[in-house]
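Each number in my numbering corresponds to the 1-based position in the sequence shown with 1266 added. Beta carbons: idealized from backbone N, C-alpha and C, even for Gly. Only a predicted model underlies this, so the values are computations on that prediction, with no experimental measurement involved. Take a look at the structure set out below.
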Amino acid sequence: MIEAFKKHFEQLGFNEQTAIQTAVFNALSEDTSVLGIAPTGSGKTIAFTLPVLPKLMPKQGVQMLVLSPSQELAMQTTSVIRDWAKILDLKVLAVTGGANVSRQTDKLKQHPEIVVGTPGRVLHLIDEGKLKLGKLETMIIDEADDMLQDETLAVIEDIERTTPMTSQLGFFSATRTKVLDDLSIMFGRDIIEFDVRNEDHTQGVVRHAGLEVGNEKRVEMLRRLSRVKDMRALVFFNQLKTMNYVASRLKHEHVQVGVLGGQQRATDREKALRMFRKRQLKLLLTTDVVARGLDIAKLPTVINFDLPTSAITYTHRSGRTGRQGEPGLVINLGNEHDLRDFKKLIAEEYQLEPIYFDKSKLTDERPKSVSHKPATLAEQSSEYIRETQNNDDSEVTKRVHKTLDPKHASQPRAKRRKKNKNKKDKGIRLKRQRQAAEKKGE
């Protein structure tokens, strides 16, 4: 590490480099292409920033390109790199979908040395002749396990074809998938792999919990969880439609909630993320694509409103908490059947423990009052009265309790039935008397 970076490293309060930062440093410094695999929150952005930036030359055009899966991660990466780049008088530009393309084009005329962007927008600027990569030295593909899939893979391959064959490639991921086995063949370069998942100890203690709740009651449970003291959670959904519906319900209940969705304007997403980081929101609802790689300092809780369908997806979701040694909690909502199946799905990596919600707080102990039998109207009303009535309303409470008691509630109906029966019997007697009189008159 160069001396200027060592000094800044210490100023930021870091004592030593993480496992991934140490592992890839020499290879990236020597222009070797690498695959780096490390747990979430282990400092992968700094892992490729420290060795690559000192090789770049100021005012020589774009020499480093970083591809990110989402606008949020691209902006986050830009912020981290810029903090180090300014030491070397290097400029960093973010180019993402959803942002003003004309403004991005104007800033490219200032010849930044480093560009961070989403694949679609980067390729668009290349096709338009606005972004030229003829002098590129290094291309980094972040969240590679996710990025090298389907249409995004094709876009990245198109981008790579516009770069010099001598350029260096860096792939970084928190999980290892089959697509990462064929990188050398796909991109025509020798790639050295560094997997430090078993060596990294930067993640704090994260508890993985299952909170049993009926699917139709998950929104209400989310509302209750938002009332828990110090609650601040990133909430994951499998579908945008469900996320938007839940957001609408929670806002109606006056819950401090924000949304990170792919269909939102870039400015709205930035605002929601900023408010959440400033602790102005209790819950931030999101999907896997948007939240991939997000680093939210000291995030205490992740909630899976929808259970993920794969262990890899769960790893990325749960990796938003417990970063940099901080403790974390992942709450998985589902009914008994879903939680049982989900526990088997993640059993190789994680142990799912039961957790309960009782008296406005989370607890490890199963509440004694837990009952799967629906409460009657009388029971619900009685409970409400006990919680809300003051002592001086005791007489009113007694009268209401008496009215709601099933024993008393059934009496008026019984009296009505008896009264109606008496009327019916009287009518029959009168009819018979009339018939007898008519017969006698004959």
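- By the CB criterion at 8 angstroms, T1567 and R1484 fall outside the cutoff.
- For the pair L1506 and V1523, the CB atoms are not nearer than the 8 angstroms cut-off.
- Judged by beta-carbon spacing, G1470 lies within the 8 angstroms limit of G1594, meaning their Cβ atoms are closer than that value.
- The alpha-carbon separation between I1562 and V1525 amounts to approximately 15 angstroms.
- Distance between R1558 and G1585, taken at the CA atoms: about 10 angstroms.
- Contact annotation: L1414 and V1388 have beta-carbon atoms that are not nearer than 8 angstroms.
- DSSP places E1426 in the helix class (H, G or I) of the three-state scheme.
- Pairwise C-beta distances place the stretch 1384-1399 out of contact with the stretch 1310-1324, as fewer than three of them are shorter than 8 angstroms.
- Beta-bridge pairing by DSSP links I1569 to V1501, I1597.
- Around the Cβ of S1576, a 10 Å sphere holds fewer than 16 other Cβ atoms; the residue is exposed.
- Distances from the alpha-carbon of T1306 to those of D1416, K1548, D1624, A1410 put A1410 closest.
- Secondary structure at V1361: strand, using DSSP grouped into helix, strand and coil.
- E1614 sits exposed, since fewer than 16 C-beta atoms from the chains shown fall within 10 Å of its C-beta.
- Contact between the stretch 1434-1442 and the stretch 1290-1304 is present: 3 or more CB-CB pairs across the two stretches fall below 8 angstroms.
- For D1534, the uninterrupted alpha helix (DSSP H) run begins and ends at 1532-1543, by DSSP.
- Here DSSP, grouped into helix, strand and coil, assigns H1474 to strand.
- A distance of 8 angstroms or more separates the beta carbons of H1474 and Y1622.
- For the set E1282, I1286, L1339, the Cα lying nearest the Cα of V1556 is the one of L1339.
- As summarised for the stretch 1311-1378, the continuous alpha helix (DSSP H) elements at least 4 residues long and confined to that stretch are 1337-1351, 1367-1374, given in chain order.
- Here the alpha carbons of A1365 and K1373 stand approximately 13 angstroms from one another.
- It is roughly 30 angstroms from the alpha-carbon of P1574 to the alpha-carbon of Q1287.
- At a Cβ-Cβ threshold of 8 angstroms, L1333 and V1361 do not count as neighbours.
- CA-to-CA, the gap between N1601 and D1496 works out to about 26 angstroms.
- By alpha-carbon distance to R1606, the top candidate from I1597, V1596, L1618 is L1618.
- Taking 8 angstroms as the cut-off, the beta carbon of T1371 is found closer than this to the beta carbon of K1396.
- Annotation for F1608: L1573 place their beta carbon closer than 6 angstroms to its own, counting only its chain and skipping 5 residues before and after.
- Leaving aside the five residues that flank F1571 on each side, the residues in its chain whose CB is nearer than 7 angstroms to its CB run, in chain order, R1484, L1488, V1501, F1502, F1503, V1512, L1599.
- Rounded to whole angstroms, D1456 and L1419 show a C-alpha spacing of 19 angstroms.
- Under DSSP, the beta-bridge partners assigned to D1461 are I1303.
- Between V1318 and L1399, the gap from beta carbon to beta carbon reaches 8 angstroms or more.
- If you check the CB distance, I1347 and V1381 do not come in under 8 angstroms.
- Note: D1624 is bridge-paired with K1627 in the DSSP secondary-structure output.
- Between the alpha carbons of T1404 and L1331 lies a distance of about 6 angstroms.
- Only residues of its own chain outside the window of five on either side were considered, and among them L1301, F1437, I1457 have a CB closer than 7 angstroms to the CB of L1449, listed in chain order.
- Counting the other Cβ atoms within 10 Å of the Cβ of M1509 gives 16 or more, which makes it buried.
- A1313 is the residue among T1284, F1280, A1313, G1279 whose C-alpha sits nearest the C-alpha of A1293.
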